[in-house]
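Numbers -24 to -1, 1 to 668, taken from mature numbering (1 follows the signal peptide of the UniProt record, and there is no 0), label the letters of the sequence shown in order. From the three backbone atoms N, C-alpha and C, an ideal C-beta is built for every residue, glycine too.
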Amino acid sequence: MVLGMVVLLGLYLVSNLYSSGGLAGTGRGQSGSHLDKDARIVILGAGVTGLGAAYRLNELGHRDWAVYEMADKPVGLAQSVVDDQGFTWDIGVHVLFSHFGYFDTLLVAIPIRASPIYMRDRFVGYPLQNNVWRLPPADAEKCLVGLLEVHDDAVAGVTKPKPHTFAEWVDQSFGSGIAEVFMTPYNFKVWAHPTTELNPTWVGERVATIDFKRILSNMVNEFEDVHWGPNARFRYPSRGAGKIWENVYRGLPRSRFNFEMEALEINVDDPNNKYVAFADGTRVPFDALISTIPMDKLLTRIANRPDLAAWGSEKGAFKRQTVNLVGVGVEGITPAAWNSSHWIYFPEEIYPFYRITLLTNFSPYMVPKPGEQYSVLVEVSESKYRKVDQATLVDDVIAGLKHAGVIPDGAPIVSRWQERFDYGYPVPYVELTEHVLRANDELLQLGIWSRGRFGNWRYVTGNQDHVCMQGVQAVDNILFGDYEEIVYEPNVVNGKKGQRKILPPEIKDHWDVVIPGCIPDLAAWLAPLLDDLAAADIVPRVFVYSSCKSDGGLPDTLTSKYDIRVASAPTSSANTANLVTYASHVLANYDDLNPITFFLPGAATMGASLTHPSPHDFDITSSYENRGHFMYQKASGVTDPLFCTFFEALYAFDGLDCPTAFESAAAFHISRGTLLHLLPQDYQALLMLKHA
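Below is the structure:
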């Protein structure tokens, strides 16, 4: 369902047909008894995990929740930024593939990706083990000898000890040749830690295992075998991956978000009075806390728990690598050898980077002059094992790109962008699972769910679909006791896309109902309308903008039962009254709009009887699910031409015939495919028609 739309519609009663979809679980990840439905839930961080949790809470209609973010804007490391020259850069490569049907609804069109390896001055298809025929003869021979040894051992039934490190796993899985030629040097460049310090459990879908017959067939037929892995197909918005999460944020109530709020301490001394203390002195109470703060930092911020602080600062625990991002904008078109690749792996030390991404191969709109410029995003890892000279980094990167031929000699470089992220990727070191589960067990006892890429310190579930769904599943665990399979069974999750369906339980949706005009007997007219909504499991919040000289008031029996707000209609000329009321209402309540607003222009003055078609009617159901803009109409087809003219201009519909398009249906879906609220300034512009 599309996020956070303002809807113009006649008041159709669409039943809220939800079913619960949680898996039963035991042990870790399964709440013994979930919290009260009115629990105060606080989210620390407005990145992907925090937004996933916020979206779920808003979807469920949970009333008491808030998000606190240290930065001055949302989205975190999933954002896309625009530099001073107008080039758009992702904070890392945001590959949007999904293991979850729930997450799929947030994504858009699917192109095929291409992500080869560049080594020995040539492209080799990824995964390398399926494309060894592309290597120089000496390297290909090394790889094949090692692969043959692994194959022969498997056929002979040779039993080998369970690998303790990633280095051991590589040798057992691929042989010494591929380990030497690619796996060892490349993974050191990625993690900035030796493969002897990495555990073997993180690989999951990340590293393809061998199919010896397939390898030989590829060699004989010289077949480029690249369609492997969870991200063989991926999704990417036209102006950067961060746009998806900006859209998610814009579909959520602004009043729930608090920025420039740094959490310094979490006090859980009194189970009945837990709170987060912020740098500005604010104390925010909570019943459940979803934290996306890196786990090592979180453990040191629990008040009066030196044992947890010791875990967080323990030597050798919570290893990470630092990522240096360098963006290079180039005048001209992408060289032909590189214009069909999205990202490319570089295992050789001659290149300072381990991966480059040709962002303009994702979308031409990542540069200010599409078709005349291209952009390259480069990743360089850093740690105590792998030092980086910040003073020369950009020049070193450009030299490497020129050596590879990504930037031709003499091509004008028009943008240089650089950022360093101390928390780049959590390193999957040998003792990681022990450290994370120990911390999670203790934190859950305190009512704290530490989630996200660094909140749960897992690379294997660190993609955007994983971390978003960690927020969603944390909410379901808190409220319903549902099992958090992403946290506790990551490799199972990665192997069964879409098998678990997460649907809202039977809850009540919250709608705004906006009624302009003069209704002489408002109470008698409104009561049955609201009772109908309540019977359909809908909680209405009613705004009446009255043009009556005297309303006569509303009885306590009605106002005590429903949230009804009566105000005078804004002044305007007669022919712009409805449009001005609509714009004024949305502008005044912009930060606190419910997910759906039903606007009833002229309903009272035209004497409209609010009878409703079947909630199972296809058009009505699909319209509700899309949460687009709708116009309420009487069956007689009376319309407000200003609304029609405005939306025709706004959405540039070629086939919208004003006003006859409205006359042809009781409800006309105005904003087909529109995903966002209008901005406040759009509503402000409408008010300029006030005296037209």
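Rounded to the nearest angstrom, how far is the Cβ of residue i from that of residue j, given a contact under 8 Å?
i: Val364; j: Phe329; result: So it is not a contact: roughly 11 Å between Cβ atoms.
i: Tyr521; j: Ala499; result: Contact flag wrong, Cβ pair sits at about 17 Å.
i: Leu301; j: Gln440; result: Contact flag wrong, Cβ pair sits at about 17 Å.
i: Val443; j: Val24; result: 5 Å
i: Trp433; j: Met271; result: 5 Å
i: Ile191; j: Leu123; result: 6 Å
i: Thr171; j: Ala143; result: 4 Å
Using CA coordinates, which residue listed in the options is at the minimum distance from residue i?
i: Leu228; options: Ile514, Tyr435, His442, Ala42; result: Ala42
i: Ser523; options: Leu534, Ala545, Leu509, Ala503; result: Ala545
i: Phe158; options: Asn175, Leu111, Val126, Ala130; result: Leu111
i: Tyr350; options: Pro388, Glu35, Lys165; result: Pro388
i: Tyr401; options: Leu174, Arg96, Pro344; result: Leu174
i: Ala279; options: Gly68, Asp60, Asn243, Pro344; result: Asn243
i: Glu45; options: Leu20, His169, Phe519; result: Leu20
i: Arg362; options: Gly386, Thr298, Ala415, Thr437; result: Thr298
i: Leu240; options: Arg232, Val252, Asn248, Arg230; result: Val252
i: Leu33; options: Gly62, Thr552, Met271, Ala264; result: Ala264
i: Asp187; options: Trp145, Thr552, Arg39, Val126; result: Val126
i: Tyr327; options: Lys378, Lys360, Ser289; result: Lys378
i: Ser359; options: Phe164, His411, Asp417; result: Phe164
i: Gly529; options: Phe519, Ser560, Asp497; result: Asp497
i: Val406; options: Ala114, Asp398, Trp145; result: Trp145
i: Asn416; options: Gly288, Glu238, Ile191; result: Gly288
i: Gly26; options: Ser56, Arg429, Asn106, Val562; result: Arg429
i: Asp539; options: Trp501, Asn565, Asp488, Val451; result: Asp488
i: Pro261; options: Ala510, Leu509, Arg16, Lys537; result: Arg16
i: Ala29; options: Pro492, Ala47, Ile454; result: Ile454
i: Gly493; options: Pro161, Val562, Phe519; result: Phe519
Report the rounded CA-to-CA distance for residue i versus residue j, giving the unit in angstroms.
i: Ile88; j: His318; result: Per-residue confidence for Ile88 stands at a pLDDT of 35, beneath the threshold of 50, marking its modelled position as unreliable; the derived number appears in the next sentence. Approximately 10 Å between the Cα atoms of the pair.
i: Asp246; j: Leu274; result: 18 Å
i: Pro516; j: Lys291; result: 55 Å
i: Leu83; j: Ile220; result: Its pLDDT being 48, under 50, Leu83 is placed unreliably in this model, and the coordinates cannot settle the point.
i: Val468; j: Asp532; result: 55 Å
i: Leu534; j: Ala503; result: 7 Å
i: Ala286; j: Leu419; result: 14 Å
i: Lys136; j: Ser149; result: 11 Å
i: Thr587; j: Glu236; result: Confidence is the limiting factor: at Thr587 the pLDDT is only 33, short of 50, which leaves the residue's position unreliable and the question unanswerable from this model.
i: Gly431; j: Ala293; result: 14 Å
i: Pro466; j: Ile374; result: 38 Å
i: Asp59; j: Val354; result: 15 Å
i: Tyr31; j: Val224; result: 8 Å
i: Phe63; j: Gly347; result: 13 Å
i: Val343; j: Gly305; result: 8 Å
i: Leu284; j: Val108; result: 48 Å
i: Lys250; j: Leu555; result: 47 Å
i: Ile495; j: Val18; result: 42 Å
i: Pro340; j: Pro50; result: 25 Å
i: Val100; j: Leu369; result: 26 Å
i: Glu117; j: Lys189; result: 16 Å
i: residue 669; j: Trp167; result: A question about residue 669 goes unanswered here, because the residues of the chain that appear run from -24 up to 668.
i: Glu438; j: Ala54; result: Strictly speaking, residue 438 in this sequence is Gly, with Glu absent from that position. If you take the alpha carbons of Gly438 and Ala54, they lie about 12 Å apart.
i: Leu626; j: Arg281; result: At Leu626 the pLDDT is 46, less than 50, meaning the model places this residue with poor confidence; the figure from the coordinates comes in the next sentence. Going from the Cα of Leu626 to the Cα of Arg281 covers about 56 Å.
i: Gly604; j: Thr557; result: Since pLDDT at Gly604 reaches only 33, below the 50 mark, its modelled position is unreliable, and the value read off the structure follows with that caveat. Computed Cα separation, rounded: 19 Å.
i: Phe338; j: Gly376; result: 22 Å
i: Ala564; j: Leu104; result: 58 Å
i: Ala559; j: Ser267; result: 37 Å
i: Val134; j: Asp147; result: 14 Å
i: Arg414; j: Asn106; result: 39 Å
i: Tyr435; j: Val390; result: 34 Å
i: Phe233; j: Gly37; result: 16 Å
Count the CB pairs spanning the region 334 to 349 and the region 293 to 310 that are closer than 8 Å, and state whether there are at least three. yes
Assess contact between the region 422 to 439 and the region 318 to 327, defined as three or more Cβ pairs (one per stretch) separated by less than 8 Å. Is contact present? no
Stretch-stretch touch, CB-based, cutoff 8 Å, three pairs: the region 143 to 155 with the region 375 to 387: no
Which complete beta strand (DSSP E) runs does the region 88 to 148 hold, if anything under 3 residues is left out? 93 to 95, 98 to 100
Does the count of Cβ pairs from the region 447 to 455 and the region 254 to 262 closer than 8 Å reach three? no
Enumerate, from N- to C-terminal direction, the unbroken alpha helix (DSSP H) stretches of 4 or more residues contained entirely within the region 273 to 340. 282 to 288, 335 to 338
Which residue spans inside the region 484 to 546 form an unbroken alpha helix (DSSP H) run of at least 4? 498 to 511, 532 to 535
Sequence ranges, alpha helix (DSSP H) only - wholly within the region 340 to 394, length at least 4: 369 to 380
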